[in-house]
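Trainee: Mind looking over this structure? Questions follow.
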Amino acid sequence: MQTPLDRMADFDLSDEQRQVRKTVRAFAEKEILPFVEQYEQEARYPLELIAKLPPLGFMGPMIPEEYGGSYMDVVTYGIICEEIARVDWVTASVISVANSLVAGSITKFGTEEQKQRWLPQVADGTCLCSACLTEPGGGTDLGNMKTTATKVEGGWKLNGTKVFISHADHAGLFFVVASVDLARKHGGVTAFLVDPRETEGITIGAFPMRTLKRDQLAEVHFEDAFIPEDAILGEPGRGFPVLGSALDTGRFSVAARCVGQAQRCIDLALPYALEREAFGQKIGEFQMIQQKITDMTCRTQAARHVVYQLGRMKDAGVPRASMESSMAKLMSSQAAVQNALDAVQIHGGYGLSEEYEIGRLLLEAKSLEFGEGTSELHTKLIAEFMLGIRKQ
Ligand SMILES: Cc1cc2nc3c(=O)[nH]c(=O)nc-3n(C[C@H](O)[C@H](O)[C@H](O)COP(=O)(O)OP(=O)(O)OC[C@H]3O[C@@H](n4cnc5c(N)ncnc54)[C@H](O)[C@@H]3O)c2cc1C
């Protein structure tokens, strides 16, 4: 489906990037969209949909070719995340967790052995990934985490609990952060690559949510879970730079997903506004409905510009772009939430009926305001960068 916004969205993309958008969109609309509602109703994890990604190279767009990936550039990665998220939150999350948080960290901080071991399996889809960051005591204040990694002969023992973990039951690789010294706060945080299938002492339990039933969010318990020495990513106590870098790329991909979700709200609102009648005319002819459509359009395209610009900065080699990542995440997640609210409003009461997709998108959009940093956190970070309290 083409929209009038495509002209501006595609304007300064390369021919290859435009072609990728066309291909991903056609694939997503045919191979994923028609099945999403059913998976949600059955609270079934969409393994069969995810299995369609690797043959097209959509599982490894940030993984270098030498490790089996299909790396092109960061903007193209964003376009893939955007177009997949336009039809399904969960499938897009599989791509972004695997590529940004996990593969991105391995590529940047991993040893050659870690790259050889993990990246090809992530790229070919045989190993899905989970990021185990958030704890029951809080997700924003990660420096205060309580999960510990204690040094033992030949490796480490992990103890603690992580909550809200996407894909955990189906993942072959956990990116886990734990503290080697709680007293050192940020200075104790360490990143680990954990094989959940080969590690005793890990239990995965349900973490029921009111939304995204098909994601089957989980809590993950580590009880004296032994992991070998070579599971450490980077150095002990140097997990925060790994995490920071992972989250900067993660925020880019989540922001791109938010743009896709915001766009989907427009896609659903337009035909409804052109079809539904009240007082003898199409509701799309009412000024107040038109106001919502204009607002949805402008905020989506504004967010998209910031996301693509961030992608271009990353492609140009700007090392972290943390402030810009926060701006992209904040603007785009708020656009997704506000667009979902407006699109539901345009649908009237049907916006909350099971007959229409838009009601489902409302809570799914809201959940994008939490992962990879809440709106409050990003608001704080942007102001601190601007005031010079925090340095890039
Ligand atoms: C659908 C979904 C999927 C998720 N998937 C994962 C996953 O795969 N892996 C994972 O590790 N986590 C995951 N999360 C968790 C997510 O990362 C956390 O919800 C998020 O980091 C916030 O943590 P919290 O919920 O504990 O809120 P808290 O950190 O307790 O924050 C509560 C409120 O206080 C505000 N707040 C906190 N600190 C400040 C401050 N300094 N200034 C102003 N306000 C502040 C927050 O913005 C928020 O509004 C997921 C969450 C959702 C909803």
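Counting with the working numbering, you get residues 1027 to 1418 for the letters of the sequence shown.
Ideal Cβ placement from N, Cα and C applies to all residues, glycine included.
Of all the options Met-1098, Tyr-1093, Pro-1080, which has the alpha carbon lying nearest to the alpha carbon of Lys-1340?
Mentor: Met-1098
Trainee: Would you mind listing the beta strand (DSSP E) stretches within the region 1336-1381 that are 3+ residues and don't spill past its ends, in chain order?
Mentor: For the region 1336-1381, not a single whole beta strand (DSSP E) run of length 3 or above is found.
Trainee: Does DSSP classify Val-1206 as helix, strand or coil?
Mentor: coil
Trainee: Which value, in whole angstroms, describes the spacing of the CA atoms of Val-1220 and Glu-1068?
Mentor: 30 Å
Trainee: Considering only residues of the same chain and omitting the five flanking positions on each side of Ser-1271, which have a CB-CB separation below 8 Å?
Mentor: Gly-1130, Ser-1131, Lys-1134, Phe-1135, Arg-1346
Trainee: Can you tell me the Cα-Cα spacing of Val-1148 and Leu-1079, whole angstroms?
Mentor: Whole-angstrom Cα-Cα distance: 11 Å.
Trainee: Taking the alpha carbon of Lys-1183 as the point to measure from, which residue in Ile-1076, Ile-1258, Phe-1190, Leu-1059 has its own alpha carbon closest?
Mentor: Ile-1258
Trainee: Note the first and the last residue of the continuous beta strand (DSSP E) segment covering Lys-1188.
Mentor: 1181-1191 is the span of the beta strand (DSSP E), which, as asked, contains Lys-1188.
Trainee: Rounded to the nearest angstrom, what separates Leu-1159 and Gly-1165 at their Cα positions?
Mentor: 7 Å
Trainee: With DSSP as the reference, label Ser-1040 as helix, strand or coil.
Mentor: coil
Trainee: Have a look at Gly-1198, Gly-1231, Arg-1236, Pro-1234 and flag the residue whose alpha-carbon is nearest the alpha-carbon of Pro-1222.
Mentor: For the residues Gly-1198, Gly-1231, Arg-1236, Pro-1234, the minimum Cα distance to Pro-1222 belongs to Gly-1198.
Trainee: Pull up the distance between the alpha-carbon of Met-1357 and that of Leu-1154, whole angstroms please.
Mentor: 29 Å
Trainee: Classify Met-1235 as buried or exposed, calling it buried when 16 or more other Cβ atoms lie within 10 Å of its own Cβ.
Mentor: exposed
Trainee: Does the beta-carbon of Cys-1158, which I'm using as the reference point, lie nearer than 8 Å to any heavy atom of ligand 1?
Mentor: yes
Trainee: Which runs of the alpha helix (DSSP H) at least 4 residues long sit entirely within the region 1093-1169? Give them in chain order.
Mentor: 1100-1111, 1115-1122, 1130-1135, 1138-1149
Trainee: Measure the Cβ-Cβ separation of Ser-1359 and Leu-1336 and say whether it is below 9 Å.
Mentor: no
Trainee: Could you give the DSSP three-state label for Ile-1315: helix, strand or coil?
Mentor: Helix.
Trainee: With a threshold of 16 other CB atoms inside 10 Å of the CB of Cys-1107, please say whether the residue is buried or exposed.
Mentor: buried
Trainee: So what does DSSP say about Gly-1231, is it helix, strand or coil?
Mentor: strand
Trainee: Determine the extent of the alpha helix (DSSP H) in which Lys-1440 is found, giving its start and end residues.
Mentor: Residue 1440 is absent from the model: the chain starts at 1027 and stops at 1418.
Trainee: Should the region 1235-1249 be called in touch with the region 1174-1193, which here means at least 3 C-beta pairs below 8 Å?
Mentor: Enough Cβ pairs lie closer than 8 Å, so yes.
Trainee: What ranges does the alpha helix (DSSP H) occupy inside the region 1229-1285, keeping only unbroken runs of at least 4 residues that lie completely in it?
Mentor: none
Trainee: Counting only the same chain and skipping the five closest in sequence on each side, list residues whose C-beta sits under 7 Å from that of Tyr-1382.
Mentor: Listed in chain order, the non-local C-beta contacts of Tyr-1382 below 7 Å within the same chain comprise His-1373, Tyr-1376, local neighbours out to five positions each way being set aside.
Trainee: Quick one, are the C-beta atoms of Gln-1327 and Ala-1111 less than 9 Å apart?
Mentor: no
Trainee: Is the CB-CB distance between Phe-1266 and Gly-1169 below 9 Å?
Mentor: yes
Trainee: Is DSSP giving Phe-1214 helix, strand or coil here?
Mentor: This sequence places Gly at residue 1214; Phe is not what is there. Gly-1214: helix per DSSP, three-state reduction.
Trainee: Could you name the residues of the same chain whose beta carbon sits closer than 6 Å to that of Ile-1230, not counting the 5 residues immediately before and after it, in chain order?
Mentor: Ala-1194, Asp-1195, Ala-1244, Val-1246
Trainee: Would you tell me roughly how many angstroms separate the C-alpha atoms of Leu-1367 and Leu-1387, rounded to the nearest one?
Mentor: 9 Å
Trainee: Going straight from the alpha carbon of Arg-1016 to that of Val-1101, what length do you get?
Mentor: The shown model of the chain, from 1027 to 1418, leaves out residue 1016, and the question about it has no answer.
Trainee: Indicate whether Val-1128 and Thr-1173 have their beta-carbon atoms separated by less than 9 Å.
Mentor: no
Trainee: Consult DSSP for Glu-1303 and reduce its assignment to one of helix, strand or coil.
Mentor: strand
Trainee: By alpha-carbon positions, which one of Val-1280, Ala-1282, Ala-1361 ends up nearest to Ile-1319?
Mentor: Ala-1361
Trainee: Would Met-1322 pass as a contact of Ala-1369 if the rule is Cβ separation under 9 Å?
Mentor: Yes, the pair counts as a contact, with Cβ atoms nearer than the cut-off.
Trainee: Quick one: what does DSSP say Gly-1399 is sitting in, helix, strand or coil?
Mentor: coil
Trainee: Nearest-angstrom Cα distance between Glu-1066 and Ser-1126?
Mentor: A straight line joining the alpha-carbon of Glu-1066 with that of Ser-1126 spans about 25 Å.
Trainee: Report back the beta-carbon spacing between Leu-1394 and Val-1280 to the nearest angstrom; my notes put them in contact at under 8 Å.
Mentor: Correct: roughly 6 Å between the Cβ atoms.
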